[in-house]
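Right, here's the structure in full:
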């Protein structure tokens, strides 16, 4: 018998805290929900998606929709900054009906599955890649027989072990982008999108690198799997047929296999589909290649983002991105992109695990001179699931487990950095925006010339005005919750989080009878 399913993506508004980068709130259909919805639809279930990313959190909207459609299953996705919304929704749903099966997934629940169950009223947490895990759950298979979940039974939490990663991504059904209201995605910032509406797309999954601040391996696994170029083109055509005019590629290391990446680009070009697109997640600088950039440009890609992170080669090596990913190679990569006629966007961080005042100044000096068309800086936050978080937790350096404060533009002192006072990190964050953007003549002239050339001058002026008046960091946009006082609590002070699931999964959790030994705290 088919089940009625409601999938919820919480609001992104509070994650930006009214800070400068709120002008680039990434409003787009959430790919994770589109992919699990697709497998559930394939098996005959009825699925709806509620995407709150583009509006403030409003539990009344959720309550009204649940009362209207009466779902059997509610699934909620959550990164760490969205975790308190997930907690609130779990209480709300259970107040409506104890019979609704409520499950959570995404980066944060996957990183802290046991703790997530104890902080919420979820019935189960889907760990990692959940395409088929969620479909099995919708089919009514007993939780104890579904690989890849943590679930509660009375006052005990169980794990069913890891689910093998999907080896052939071409087997997956087409993501269920049609479940999103396309009109909502005209709201995305023009700094992020040239042709609205926009959606997200993936051509590959996973990453082979181990940067200490990155948690992507939690949800997508350590390794690299690619769709065939033919399948990639099929997805682009499908998006076009739905009415989307542009897509963001979410892959972690799309250009690392240059031969395959060129084939994907060539297939898109040969198909004749008219879609603009961007490599938004950040490509590694050592994968830069003149021929690759030519293929990207010809296929409709007009912007590539680079994860520079730091202007210090020593810091790059320390957090796991050393070797060929150097400051020197970063400069070469940007010049190659510009030569091919592709805009470049640079991502930077202050407060990296190995940072000092000297290296943060080196990052500012580097960002000020590298000829990118856009740049974005953030405070490095040790999110659950990262090596950085695990290291800080072991050393007792984590000061807050209020997930609302876990945003990369936070004004809150979340950690005791080993080298730096938080006020010093904030000082360099403000210094970055002043020296590299607001008072950087070369950057401003570059934007002016680009704005005139592309016809986007007035959009640039509009966003520049907003940017100049917003604070560098902030936390003014906290959500108004349904029942915060009734959220279940986990005693992080006396029971530090366990290491990230993917690091211990191979050793244990092979049978449901193996308990995590947790006692629920109500």
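In the numbering used here, the protein residues as written are 7 to 528. Virtual Cβ for every residue (Gly too), placed ideally from N, Cα, C.
Is residue 145 closer than 7 Å to residue 152 when the C-beta atoms are compared?
no
Can you tell me where the beta strand (DSSP E) holding residue 107 begins and where it ends?
107 to 111
Measuring CA to CA, which of 355, 53 and 99 is closest to residue 588?
The structure shown does not extend to residue 588, since the chain spans only 7 to 528, so no value can be given for it.
Whole angstroms is fine: what's the gap from residue 343's alpha carbon to residue 444's?
Taken atom to atom, the span from the alpha-carbon of residue 343 to that of residue 444 is near 24 Å.
Hey, out of 185, 299 and 348, whose CA is closest to residue 309's CA?
348
What does the alpha-carbon distance come out to for the pair residue 322 and residue 354?
12 Å
Alpha carbon to alpha carbon, how far is residue 7 from residue 384? Give it in angstroms, no decimals.
48 Å
Where do the ends of the beta strand (DSSP E) carrying residue 349 lie?
Element bounds for residue 349: 349 to 356.
Out of 262, 268 and 271, which has the shortest C-alpha to C-alpha gap to residue 312?
262
CA-CA distance, residue 249 and residue 243?
Going from the Cα of residue 249 to the Cα of residue 243 covers about 10 Å.
Beta carbon of residue 421, beta carbon of residue 407: below 7 Å?
no
Please state the DSSP three-state secondary structure of residue 17.
coil
So, does the stretch 373 to 380 touch the stretch 440 to 458, judging by three or more C-beta pairs under 8 Å?
yes
Residue 532 to residue 306, Cα distance in whole Å?
A question about residue 532 goes unanswered here, because the residues of the chain that appear run from 7 up to 528.
By the three-class DSSP mapping on this structure, what secondary structure does residue 7 have?
coil
Can you list, in chain order, the residues of its chain with a C-beta nearer than 6 Å to that of residue 203? Leave out the 5 residues immediately preceding and following it.
The beta carbon of residue 203 is closer than 6 Å to those of 188, 191, 192 and 250 in its chain, skipping five residues each way along the sequence.
Have a look at residue 92 and residue 107 and give me their C-alpha separation to the nearest angstrom.
14 Å
Does DSSP classify residue 386 as helix, strand or coil?
Judged by DSSP in its simplified three-state form, residue 386 adopts coil rather than helix or strand.
Any idea what DSSP makes of residue 449, helix, strand or coil?
helix
Indicate whether the contact test is met: 3 or more Cβ pairs, each with one atom in the stretch 96 to 116 and one in the stretch 71 to 84, closer than 8 Å.
yes
Alpha carbons only, please: which of 264, 303, 178 and 230 is nearest the one belonging to residue 241?
178
Could you give the DSSP three-state label for residue 285: helix, strand or coil?
strand
Rounded C-beta distance between residue 118 and residue 390? I'm assuming under 8 Å.
5 Å
Three-state secondary structure (DSSP) at residue 567?
Look at the range of the chain in this structure, 7 to 528, and you will see that residue 567 is not part of it.
Run through DSSP, which three-state label would residue 204 get?
In the structure shown, residue 204 sits in a strand (DSSP, three-state: E or B).
Apply the 10 Å Cβ neighbour rule to residue 370 and answer buried if 16 or more other Cβ atoms are within range, or exposed otherwise.
buried
By DSSP's criteria, residue 156 is part of a beta bridge. Which residues make up the other side?
131 and 165
Are the CB atoms of residue 256 and residue 287 within a distance shorter than 7 Å?
yes
Is the Cβ-Cβ distance between residue 155 and residue 171 less than 7 Å?
no
Can you check which of these residues, 274, 226 and 57, is closest to residue 186 by C-alpha distance?
57
Where DSSP assigns a beta bridge to residue 79, which residues make up the other side?
11 and 107.
Just to confirm my understanding: we take residue 293, look at its own chain, exclude 5 residues before and 5 after, and list those with CB closer than 7 Å. What are they?
261, 262 and 264
Which class does residue 529 belong to by DSSP, given the choice of helix, strand or coil?
For the chain, the structure presents residues 7 to 528; residue 529 sits outside this window and is missing.
Helix or strand or just coil, what does DSSP make of residue 311?
strand
Answer with buried or exposed for residue 128, where buried requires no fewer than 16 other C-beta atoms within 10 angstroms of its C-beta.
buried
Tell me whether residue 381 sits in a helix, a strand or coil according to DSSP, three-state version.
Correct three-state label for residue 381: strand.
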